[in-house]
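Those letters in the sequence shown? Residues 14 to 526, per the working numbering, in order. Backbone N, C-alpha and C define an ideal beta-carbon position, used for all residues, glycine too.
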Amino acid sequence: MFNKVYSSAVLGVDGTIISVESDVNDGLPMFTMVGYLSSSVKEAGERVRTALKNSGFHMPPKRITINLSPANMRKDGSGFDLAIAISIIMSMGILPVIDMEKTIIIGELSLDGTVKGVKGVLPMVYHAFNNGFTRCIVSVENAEEASLVEGLEVVGVDSLGESIDYIQGIAVSNPYKKESDINKQCKIKKDVDFADIKGQDMLKRGMEIAAAGFHNVLMTGAAGAGKSMLAKRLPTIMPELSFEERVEVTKIYSICGLLEDTTALMKNRPFRSPHHTISNYALVGGGINPKPGEVSLAHNGVLFLDELPEFNKNVLEVMRQPLEDRKITISRVSASYVFPADFMLVAAMNPCPCGNFPDMKKCICTPNQIRRYQGKISGPLLDRIDINMEVKPIKYNELFGENKGENSKSIRNRVEEATLIQKRRYKDEGICFNSQLESGLIKKYIKLEPTVEQYLEETFVKKGLSARGIFRILKLARTIADLDGKEDIQYIHLQEAVFYRNSGRIAGEEGEI
Numbered sequence: 014m015f016n017k018v019y020s021s022a023v024l025g026v027d028g029t030i031i032s033v034e035s036d037v038n039d040g041l042p043m044f045t046m047v048g049y050l051s052s053s054v055k056e057a058g059e060r061v062r063t064a065l066k067n068s069g070f071h072m073p074p075k076r077i078t079i080n081l082s083p084a085n086m087r088k089d090g091s092g093f094d095l096a097i098a099i100s101i102i103m104s105m106g107i108l109p110v111i112d113m114e115k116t117i118i119i120g121e122l123s124l125d126g127t128v129k130g131v132k133g134v135l136p137m138v139y140h141a142f143n144n145g146f147t148r149c150i151v152s153v154e155n156a157e158e159a160s161l162v163e164g165l166e167v168v169g170v171d172s173l174g175e176s177i178d179y180i181q182g183i184a185v186s187n188p189y190k191k192e193s194d195i196n197k198q199c200k201i202k203k204d205v206d207f208a209d210i211k212g213q214d215m216l217k218r219g220m221e222i223a224a225a226g227f228h229n230v231l232m233t234g235a236a237g238a239g240k241s242m243l244a245k246r247l248p249t250i251m252p253e254l255s256f257e258e259r260v261e262v263t264k265i266y267s268i269c270g271l272l273e274d275t276t277a278l279m280k281n282r283p284f285r286s287p288h289h290t291i292s293n294y295a296l297v298g299g300g301i302n303p304k305p306g307e308v309s310l311a312h313n314g315v316l317f318l319d320e321l322p323e324f325n326k327n328v329l330e331v332m333r334q335p336l337e338d339r340k341i342t343i344s345r346v347s348a349s350y351v352f353p354a355d356f357m358l359v360a361a362m363n364p365c366p367c368g369n370f371p372d373m374k375k376c377i378c379t380p381n382q383i384r385r386y387q388g389k390i391s392g393p394l395l396d397r398i399d400i401n402m403e404v405k406p407i408k409y410n411e412l413f414g415e416n417k418g419e420n421s422k423s424i425r426n427r428v429e430e431a432t433l434i435q436k437r438r439y440k441d442e443g444i445c446f447n448s449q450l451e452s453g454l455i456k457k458y459i460k461l462e463p464t465v466e467q468y469l470e471e472t473f474v475k476k477g478l479s480a481r482g483i484f485r486i487l488k489l490a491r492t493i494a495d496l497d498g499k500e501d502i503q504y505i506h507l508q509e510a511v512f513y514r515n516s517g518r519i520a521g522e523e524g525e526i
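Laid out in structure tokens, this is it:
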């Protein structure tokens, strides 16, 4: 007898529907599984057979064939176990013929028939719901996470026997429900605030511009000047995630098993700070069955790279494509996986190995050592940085003075006003921030007066800027104008954009040390 139920798998960061077909017929007793399966899926056969036996279901001495469709996509993971077991039971004629067309089944089976949770449930059930499925049967462990998809009936089960009883209608399992948290605001860490930063007004202004337009930042300065402290406070002034952004981020963290709270969508923008010993695969994602890397975990948030020259040069260079395309594509023989990577890069570095250049009284490095140290950062990567800031050591009277800096809440209010302007402007373009403007959209949304355009042309020639560099200055000026509440980019806005684009350019890039 033939039967079919539906399960799901993760492809990249999205779910995909998997048909679980079973056929139980007379013949030489065999248990065969087909459908381009990884070893973890092939092992499901033994788990299912034992779980069925220990749950009180007698396996007949017949030929049992399981097919996971589509056959051209490699299946991986243990989330098909429950669907396979239910499909076999229905094929054996133990269960009455019932409609399972709109039900998705996800769960791993223990040998005693217990249903265990799996990673990536949110993107799977989200995709299923968007494709017309109305009910999902998952482990109790995954029920809260699955319930984030509003409108989908979520049934959490503890065991194979309980899931069978529910399908038969013998046991009534109340669908799991949770209160909507869409309107809940993000929680700002109270232990970090921009008010903690003494002095450094130019740096704080640069960070405000970066947060308002989602621009990349590089801070260059002596050790202990406050670069890391400033970067860690950046999320406190960034705008709240929209509902669509929260779903995207939560899906990525669900796949990686990093959801701290399975009862709610992620509220805070991600802040990732990998160590400089990180590998290529850990940064951009990869593996036999590719998983998201740090650039994807920082999607819609901040990727902070401290001590930038200490990172392997190959590791830094693989960021060039996602910085430009805002996604990462990993190709395998079986499929191509696309992971979102629209992050704000915030990097910090010392100007030399000892960290004291250009103070020649303290610096012990030779010019060649300084040039070699700074040369670890390639020109094409630097060209993708919008804001370059020189971090100067703080003065004693600023450090111990009574004046307290502006707090994060005040800065955040200005940032949110500027981002609201951008969302209204680009509502028909599918983007949210000025940094996401493509060259065609730049011409459409950025208009300059003749005098302002003349200044831009002079800067282009004088600084020897690339086409990418001049476009990034324009996008930066557009953000500054939005913070100022101005519709047109004025001379002062463009001047400030040029300043922040070049104020911290490392030595040797536009001249000799």
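Are three or more beta carbon pairs between the segment 316–327 and the segment 286–300 nearer than 8 Å? Cβ pair count under 8 Å is three or more, so yes.
For Phe256 and Lys456, I'd like the C-alpha separation in whole angstroms. The C-alpha of Lys456 is placed about 30 Å away from the C-alpha of Phe256.
Could you tell me whether the Cβ of Thr147 comes closer than 8 Å to any Cβ of chain D? Annotation note: the requested chain D is absent from the structure, which comprises a single protein chain.
Once DSSP output is grouped into helix, strand and coil, what is the label at Gly443? Coil at Gly443, not helix or strand.
Alpha-carbon to alpha-carbon, Ser421 and Thr249: Cα to Cα, the separation comes out at about 6 Å.
Taking Cβ to Cβ, would you say Ser100 is nearer than 8 Å to Lys129? Going by C-beta atoms, Ser100 is not nearer than 8 Å to Lys129.
Return the chain-ordered list of same chain residues with a C-beta closer than 7 Å to the C-beta of Asn369, the five sequence neighbours on each side being excluded. Once the five neighbours on either side are set aside, the close Cβ partners of Asn369 are Ala235, Lys375, Cys376.
Taking three-plus beta-carbon pairs below 8 Å as touching, is the segment 442–459 in contact with the segment 238–248? With a cut-off of 8 Å, the segment 238–248 and the segment 442–459 do not count as touching, because too few Cβ pairs lie within range.
Cβ shell of Ile111 (< 7 Å), same chain only, five flanking positions each side left out: Only residues of its own chain outside the window of five on either side were considered, and among them Ile180 have a CB closer than 7 Å to the CB of Ile111, listed in chain order.
Under a three-way DSSP split, which group does Tyr179 fall into? Of the three classes helix, strand and coil, the one that applies to Tyr179 here is helix, per DSSP.
Proximity below 8 Å, CB of Ile177 to CB of Leu108: Cβ distance < 8 Å, so Ile177 and Leu108 count as in contact.
Could you check whether Lys88 and Leu50 sit closer than 8 Å to each other, using their CB atoms as the reference points? One thing to note: Leu50 has its Cβ within 8 Å of the Cβ of Lys88.
Suppose the cutoff is 7 Å on Cβ atoms and the five residues either side in sequence are ignored; what does the same chain contact list for Ser53 look like? Around Ser53: Asp89, Gly90, Ser91.
Could you work out which residue in Asp399, Met215, Leu272 is closest to Glu419 when comparing CA atoms only? When the alpha-carbon of Glu419 is set against those of Asp399, Met215, Leu272, the nearest one is in Met215.
Please tell me whether Gln503 and Ala494 are closer than 8 Å, where the distance is taken between their beta carbons. With a cutoff of 8 Å on beta-carbon distance, Gln503 and Ala494 are scored as near each other.
Using three-state DSSP, classify Arg285 as helix, strand or coil. It is a strand residue.
Quick one: what's got a C-beta closer than 6 Å to Met362's C-beta in the same chain, skipping five residues either side? Exclusion of the five residues before and after Met362 leaves Thr233, Leu321, Pro322 as the residues of its chain whose Cβ lies within less than 6 Å of its Cβ.
Which partner residues of Val359 appear in the DSSP bridge assignment? Bridge partners of Val359: Val230, Phe317.
Could you please give me the residues that DSSP links to Ile400 through a beta bridge? Val230, per the DSSP bridge assignment.
Distance between Leu271 and Ala348 (C-alpha atoms, nearest Å): Taking the straight line joining both Cα atoms gives about 25 Å.
Within the continuous alpha helix (DSSP H) that includes Ser100, where are the two ends? Element bounds for Ser100: 94–104.
Beta-carbon within less than 7 Å of Leu454's beta-carbon, same chain only, minus the 5 sequence neighbours each way: which residues are those? Result list for Leu454: Glu442, in chain order.
Please state if the CB of Val61 and the CB of Ile97 are separated by a distance shorter than 8 Å. Yes; because the gap between Cβ atoms is below 8 Å, this pair is in contact.
Can you tell which of Ala64, Ala84, Thr147 has its C-alpha closest to the C-alpha of Thr127? Here the closest residue by C-alpha is Ala64.
Which residue wins for smallest C-alpha separation from Asp396, given the options Ala354, Glu430, Asn416, Gln334? Cα-wise, what sits closest to Asp396 is Gln334.
Cβ pair Val359, Phe317 closer than 8 Å: Yes, the pair counts as a contact, with Cβ atoms nearer than the cut-off.
Please say whether Lys304 and Cys269 have beta carbons closer to each other than 8 Å? Taking a C-beta distance under 8 Å as the contact criterion, Cys269 and Lys304 qualify as a contact pair.
Less than 8 Å between the beta carbons of Leu124 and Leu95, yes or no? No, they are not a contact pair.
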